[in-house]
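Asks: Submitted below is the structure of interest, expressed as structure tokens.
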Amino acid sequence: MSAKFKEYRGLDLSQVNKDVLKEWEANQTFEKSVTSRKGNPTFVFYEGPPSANGMPGIHHVISRSLKDIVCRYKTQQGFEVNRKAGWDTHGLPVELGVEKSLGITKEDIGKKISVAEYNAACRKDVMKFTGKWKDLTHKMGYWVDMENPYITYDNKYIETLWYLLKELYNKGFLYKGFTIQPYSPAAGTGLSTHELNQPGCYRDVKDTTCTAQFRVVKNEASEFLYNDVEGELFFLAWTTTPWTLPSNTALAVGPQVTYQKVKTFNPYTGKPVVVVLAKNLVSAYFNAKNADVSFDDYQPGDKKVPFEVMEEEFTGKDLAGVSYEQLIPWIKPDGDAFKVIVGDYVTTEDGTGIVHIAPTFGADDDRVAKAAGIAPLILIDKDGKQNPMVDKTGKYFLIKDLDADFVKNFVNLDAYMEYAGRFVKNDYDEKLTEKDHTLDVDISVMLKLENKAFRVEKHTHNYPHCWRTDKPVLYYPLDSWFIKTTAVKERMMELNNTINWKPESTGTGRFGKWLENLVDWNLSRSRYWGTPLPIWRTEDGKVEKCIGSVEELVTEIEKAVAAGVMDKNPFGDFKAGDFSKENYDKVDLHRPYVDDIILISEDGEKMFREPDLIDVWFDSGAMPYAQMHYPFETEKEDGSQLVFPADFIAEGVDQTRGWFFTLHALGTMLFDSVAFKNIISNGLVLDKNGNKMSKRLGNAVDPFETIEKFGSDPLRWYMITNAQPWDNLKFDQNGIDEVKRKFFGTLYNTYSFFALYANVDGFTGQEEQVAIEERPEIDRWVISLLNTLIKEVTESFESYEPTKAGRAIQNFVTENLSNWYVRLNRKRFWGGEYSKDKISAYQTLYTCLETVAILSAPIAPFYMDQLYKDLTTVSGNNALESVHLTMFPKADESKIDKALEQRMLYAQDISSMVLALRRKESLKVRQPLQKIMIPILDKEFHDQVEKIKDLVLSEVNVKEMEFLTDTKGVLVKKIKPNFKALGPKYGKMMKQIAAFVNQMTQEDIALIEKDSKINATINDETVELSIEDVEIMSEDIPGWLVASEGKLTVALDINVTEDLKQEGIAREFINRIQNLRKDSGFDVTDKIILKIQKNEAINDSVINYKDYIASQTLAEELNLVDSCNETEGKLVEIDTNVETYICVSKKA
RNA sequence: AGUCCUGUAGCUCAGUUGGUUAGAGCACUACACUGAUAAUGUAGGGGUCCGCAGUUCAAAUCUGCGCAGGACUACCA
């Protein structure tokens, strides 16, 4: 144990960061922080797995800081907090990264490169940035077990996923369905809604849109429409995707919408037509200015097209059932089609009020078509499978890829050939650029020529794009496996209400609304690198089997081998019940190995694996179970069990529909429980101008550089205290710098001050504690505040509000501890005897510093650990190896003295006012003054101020304080209505009462003070105002220099007597001498010999205050001399035009 | 398009149950202090509390309608 407190020559937080890291590593502090809590209650934390194939950014620092703060805090509260790191390893980002680096596309997988090789590449690639992640985690001081992480591609991890899938399957939550889904031809996979909801997916794009004319078939059903119509009658329908028009099989109308016929000409062909559209939208298609244009004068090509709205009106219901001719007769649908149907979602907000229906390319379309018995436009491919008109690469089917019989019976080859093989979006064809005509344009032009297009124009609309390939998404019919989350929707909402969300609005609003509009979770992904769906099916799909463990799979394979379906069992070496790594290394549950496994049904039919992978969000949402290899290695004899649910998780708000959702869904469906009880969802990190950070814009902040430059502590402190974590953070390096100077600099200075003098006096912290009641007022004050602080910080951390905790600590350190306590007590520390009072001061300051270190440790783990150790290794109190092993202090209510805190506020205010008065009169603080006077409002106030009298006097350098009780009326008073008291009583009369009070004279005030009431006449009514209804304060004391603020008024005697003048001069001397000492490089404790050259203006002062000067400057001798040797002496200015020489020499 | 969040000094943020002089830090200006000194103190300037309307004796605060920014949701053609 060293006897001296360590003194530093500067504060380098970046270096502290490095030093403390080394110690943690050497001492295994993190491990100890967990093991030392063994046997205590646990606090369960789940780490959301990042994907290690991307670089960590500054935004990762904020969510990881939040996690770390809570976990460290809970550890300090005595909980055992295990923290297992994890890696998200599957999924599209990895695959696309590999495709890019190998220079291949999805089409090439299985051809140019085997699936096995491809997946091996993914496995390798996904972990490429783990080094960087570990490094950042380490440097930023995020304590999490990186040595034993869970990895989602691990066989054991996958085995748990299979187990869970089987559980869901057995509960009937897993089903196969066909729906229209977002599909990315470029990525070759369907996209889940969460993927589609990645930021930036919806973008404004300008597309060619087309309002097409659908010719009404004249028959019995449509006869009523043909009333008064000569020639051709059309329905108008608008689409933003003209490429879906060949797949049209119906038109939808709103059942309540009113429609009208309009007689006009087709603007492109000039042919006379009658068109049907919603009444509300007539004006959108026909300019009222053209209403008078003559039909007779119209020539094809004229810009102004005449029109006439026919009076007859129809509702959507009337139109339902009317047939129309196929718009683009390339391919015949197999079944009923080309009829008007009703759709409840049809509105007249845009388009024509008649909606083109292509059931193969729209979810709503599919739904209403099915309901009306309308067939979709289906193609049969050469494998005999049903398809929409567009293949999976995003182009119209080539004839060669279709079934020959189908082509013969359903396809109009002459018309279709020209368009077969065309990509529906230019983005899908690498050979096409933006300049090339899109299919939309070509089809629109074709329709124009055929008198089938009524209007063609560019239109900007919002369209979803694939989050990885940036290319537009297609809505496409896909076979998929779903989890029936809708079945537990109500329960999920109920359970969600029990979760403590920070901020609350994310839980009730964003997450709650999402749950209200829940759809089934689409689990399928048609890719390669991911968790395979463990379902095997017979070819006809009638028998299926869901596999829930490796053991079960091995057993099933044995059956297949026995039946001769498989040659041998590829997983034959696997030993059931052996959970060693070696055993699990014998199998690989990924593709292509599982694809090669053929099982056999009870009836002896072959069963093949459903080729899909599962959504990666299932991987991460299942981490509570899979990280422990549930249930295989939990709930065993050794007592290990599932750690569930979490007490706490934290991630970015962008995870709301991702991880937060999948955790919650699985927790609800599998265990009928929440998966987490408390959650902080943090906002985004933006650049200092509020823009999103991106590599492209070059405004991304590198976390490594930032930590290297500033150290992690100020970075963490800044991120946490600058704004609430759920608000977006406008990241500004100047903010870190400010935190460093303001908070860490001040704290460091305070410690340095303490260490300097403690070492001089030999204070070690081992001294017997001075009883709190024996300590001076100011010590008890700061200790009171300290305990208030402990309370506040604890409450803030407990309610997951680290921002409040950090701000409270910072305020205490900079305002109360440094700026008031230390500043006012400097004299107690330097000079003078090593008395009880001095020890009390040291002990008080020591306690504050140590407590601040412990309170702040969760947020600033590095510097606080150093500070803590610098203090405790000397004192031996509470001397644990690290601050992170300590217990959080408990507030001692008995030490909290609110009255004391209040009167210290008075002291601060009075001092500040006196200093302001001095400034006004240009009276230096070094010049002592005789008296201040304070009018007394009540006894309590008097008692309070009396107690801090000395403090104030020394702070402002004044000799005495006089209390004025106003009996003689020397005070000028001010009176104000007390609105809070008057409001409820008088309501509407407030304005008049306020006016009455404001015009009260000094006599009136005296009266109300005497009688405690006064009568006011308001609107001929007499109102009795009591003393409680007003606030009275003194404002002025005639003849004195007065300052007044709120309730306080202070008067200052500015008369400088000869005596005061002399004392002032003495203090000037002390100041000059101290400066000389310092300039000469003397030690604080060095004794000196002083000579001062005589000067009329100062002689008396030096003689009268000789002892005072000597004691303050540690002068053994002090003499006035006739002349100081000029080389030895220094010329100093004592007062305006008063100069003399001083000689300072060290005593031998 | 809908939902949610945010909007207070040049910048970053506080602002309790509505109560009458709207605060702090940074930055700026001036002054002071000088044994915590790459600190510190005091004072000053700087505000349409996004706008409008309403409720109320009283609105930064509550309500409604807008505006701006952000996030999220969404294939309405």
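Residue numbers (full-length UniProt numbering): 1 to 1148. For every residue, glycine included, the Cβ atom is placed at its ideal position computed from N, Cα and C.
Would Gln627 be called buried (16 or more neighbouring beta carbons within 10 Å of its own) or exposed?
Replies: Counting from 1 along the first sequence, the entry for residue 627 is found at position 627. Flag for Gln627 reads buried.
Asks: Whole angstroms is fine: what's the gap from Asn280's alpha carbon to Gly351's?
Replies: In the first sequence, counting from the first residue as 1, residue 280 sits at position 280. In the first sequence, counting from the first residue as 1, residue 351 sits at position 351. So the alpha carbons of these two residues sit roughly 10 Å apart.
Asks: Report the partner residues of Ala879 according to the DSSP bridge assignment.
Replies: Indexing the first sequence from 1 puts residue 879 at position 879. BP columns for Ala879 are empty, so no partner.
Asks: For Gly362, which residues of its own chain have a beta-carbon under 7 Å away from its beta-carbon, when the five flanking residues on both sides are left out?
Replies: Against the first sequence, residue 362 aligns to sequence position 362. Excluding residues within five positions, the ones whose Cβ falls inside 7 Å are Ile180, Tyr475.
Asks: Can you tell me which of the three DSSP states Met1 falls into?
Replies: As a position in the first sequence, residue 1 is number 1, starting the count at 1. Caution applies to Met1, whose pLDDT of 47 falls short of 50 and renders its modelled position unreliable; the model cannot decide the point.
Asks: Does Arg123 come out as helix, strand or coil in the three-state DSSP assignment?
Replies: Numbered from its first residue, the first sequence carries residue 123 at position 123. Helix at Arg123.
Asks: Exposed or buried, which one is Ile790 when buried takes at least 16 other CB atoms within 10 Å?
Replies: Position 790 of the first sequence, counted from the first residue, corresponds to residue 790. Buried, because 16 or more other Cβ atoms sit within 10 Å of the Cβ of Ile790.
Asks: Is the beta carbon of Ile649 closer than 8 Å to that of Ile679?
Replies: The residue given as residue 679 occupies position 679 in the first sequence. The residue given as residue 649 occupies position 649 in the first sequence. Yes. Within cutoff.
Asks: Return yes when the Cβ of Ile975 is within less than 8 Å of the Cβ of Val1023, no when it is not.
Replies: Position 1023 of the first sequence, counted from the first residue, corresponds to residue 1023. Position 975 of the first sequence, counted from the first residue, corresponds to residue 975. Not a contact, by the Cβ cut-off of 8 Å.
Asks: According to DSSP, simplified to helix, strand and coil, what is Trp87?
Replies: Here residue 87 corresponds to residue number 87 of the first sequence, with the count starting at 1. Correct three-state label for Trp87: strand.
Asks: For Val616 versus Gly91, is the C-beta spacing smaller than 8 Å?
Replies: Within the first sequence, numbered from 1, the residue matching residue 616 stands at position 616. Within the first sequence, numbered from 1, the residue matching residue 91 stands at position 91. Contact: yes.
Asks: For a test of the three-state rule: what should DSSP assign to Asn280, helix, strand or coil?
Replies: Taking the first residue of the first sequence as 1, we reach residue 280 at position 280. Three-state result, Asn280: helix.
Asks: Nearest by alpha-carbon distance to Asp228: which of Lys261, Tyr202, His942 is it?
Replies: Taking the first residue of the first sequence as position 1, residue 228 is located at position 228. The candidate whose alpha carbon is nearest that of Asp228 is Lys261.
Asks: Run through the DSSP bridge pairs and tell me what Lys400 is partnered with.
Replies: The residue given as residue 400 occupies position 400 in the first sequence. In the DSSP output, where bridge partners are listed per residue, Lys400 has none listed.
Asks: Report the start-end ranges of each alpha helix (DSSP H) in the region 532 to 569 that is 4 residues or longer and not cut off at the edges.
Replies: For the region 532 to 569, whole alpha helix (DSSP H) runs of length 4 or above, ordered along the chain, are 550 to 562.
Asks: Closest to Val44 by C-alpha separation, out of Ser63, His59, Arg72, would be which residue?
Replies: Position 44 of the first sequence holds residue 44. For the residues Ser63, His59, Arg72, the minimum Cα distance to Val44 belongs to Arg72.
Asks: Leaving out the 5 sequence neighbours to the left and right, which residues in its chain are closer than 8 Å to Ile151 when beta-carbon positions are compared?
Replies: Along the first sequence, one-based indexing puts residue 151 at 151. Only Gly86, Trp87, Thr89, Tyr157 meet the Cβ criterion.
Asks: So does the region 1079 to 1096 actually touch the region 1053 to 1062, counting three or more Cβ pairs closer than 8 Å?
Replies: No, the region 1079 to 1096 is not in contact with the region 1053 to 1062.
Asks: Just how far apart, CA to CA, sit Leu953 and Met961?
Replies: The residue labelled residue 953 in the question sits at position 953 within the first sequence. The residue labelled residue 961 in the question sits at position 961 within the first sequence. Whole-angstrom Cα-Cα distance: 7 Å.
Asks: Got a sec, what are the start and stop residues for the alpha helix (DSSP H) Leu589 sits in?
Replies: The residue labelled residue 589 in the question sits at position 589 within the first sequence. Segment: none, Leu589 is in no alpha helix (DSSP H) and carries neither H nor E.
Asks: With a 10 Å radius around its C-beta and 16 neighbouring C-beta atoms as the bar for buried, classify Gly984 as buried or exposed.
Replies: Looking up residue 984 in the first sequence gives position 984. Correcting the residue type first, residue 984 is Pro in the shown sequence and not Gly. Per the 10 Å Cβ criterion, exposed.
Asks: Name the residue from Thr538, Pro534, Thr209, Lys100 whose alpha carbon lies nearest to the alpha carbon of Glu551.
Replies: As a first step, residue 551 must be located in the first sequence, where it is residue number 551. Taking only the C-alpha atoms, the option nearest Glu551 is Pro534.
Asks: Tell whether a beta-carbon distance below 8 Å holds between Leu849 and Thr764.
Replies: Counting from 1 along the first sequence, the entry for residue 849 is found at position 849. Counting from 1 along the first sequence, the entry for residue 764 is found at position 764. In this structure, Thr764 does not lie closer than 8 Å to Leu849 by Cβ.
Asks: Return the first residue and the last residue of the alpha helix (DSSP H) that Gln902 is part of.
Replies: Residue 902 sits at position 902 when you count from the first residue of the first sequence. Run containing Gln902: 898 to 920, per the alpha helix (DSSP H) assignment.
Asks: Mapping the DSSP letters down to three states, classify Phe574 as helix, strand or coil.
Replies: Here residue 574 corresponds to residue number 574 of the first sequence, with the count starting at 1. Reduced to three states, the DSSP call for Phe574 is coil.
Asks: For the beta strand (DSSP E) that contains His465, what are its first and last residues?
Replies: The sequence position of residue 465 within the first sequence is 465, counting from 1. That residue, His465, is in no beta strand (DSSP E); it is neither H nor E in DSSP.
Asks: State the Cα-Cα distance for the pair Gln927 and Asn877, rounded to the nearest angstrom.
Replies: The residue labelled residue 927 in the question sits at position 927 within the first sequence. The residue labelled residue 877 in the question sits at position 877 within the first sequence. Rounded to whole angstroms, Gln927 to Asn877 spans 43 Å at the Cα level.
Asks: Classify Met887: buried if its beta carbon has 16 or more other beta carbons within 10 angstroms, exposed otherwise.
Replies: Mapped onto the first sequence, residue 887 falls at position 887. So Met887 ends up on the exposed side.
Asks: Going straight from the alpha carbon of Tyr46 to that of Gly97, what length do you get?
Replies: Along the first sequence, read from residue 1 onward, the residue named residue 46 stands at position 46. Along the first sequence, read from residue 1 onward, the residue named residue 97 stands at position 97. Going by the C-alpha atoms only, they are around 28 Å apart.
Asks: In angstroms, rounded to a whole number, what distance separates the CA positions of Ile736 and Leu715?
Replies: Locating residue 736 in the first sequence gives position 736, where the first residue counts as 1. Locating residue 715 in the first sequence gives position 715, where the first residue counts as 1. Using only the alpha carbons, I get a separation of about 6 Å.
Asks: Please report the Cβ distance between Phe996 and Ala1016, rounded to the nearest whole angstrom; I am assuming they are in contact, meaning their Cβ atoms lie under 8 Å.
Replies: One-based indexing of the first sequence puts residue 996 at position 996. One-based indexing of the first sequence puts residue 1016 at position 1016. Going by Cβ atoms, the distance from Phe996 to Ala1016 rounds to 5 Å, so yes, they are a contact pair.
Asks: Could you round the C-beta distance between Trp529 and Val94 to whole angstroms and report it? I think they count as a contact, below 8 Å.
Replies: For this step, residue 529 is matched to residue 529 along the first sequence. For this step, residue 94 is matched to residue 94 along the first sequence. With 8 Å as the limit, Trp529 and Val94 qualify as a contact, their Cβ atoms being about 6 Å apart.
Asks: Run through DSSP, which three-state label would residue 1151 get?
Replies: The requested residue 1151 is not part of the displayed model; the chain covers only 1 to 1148.
Asks: Alpha carbons only, please: which of Lys111, Pro41, Ile109 is nearest the one belonging to Gly78?
Replies: For the purposes of this step, residue 78 is identified with residue 78 of the first sequence, where counting begins at 1. Looking at the Cα atoms, Pro41 is the closest of the given residues.
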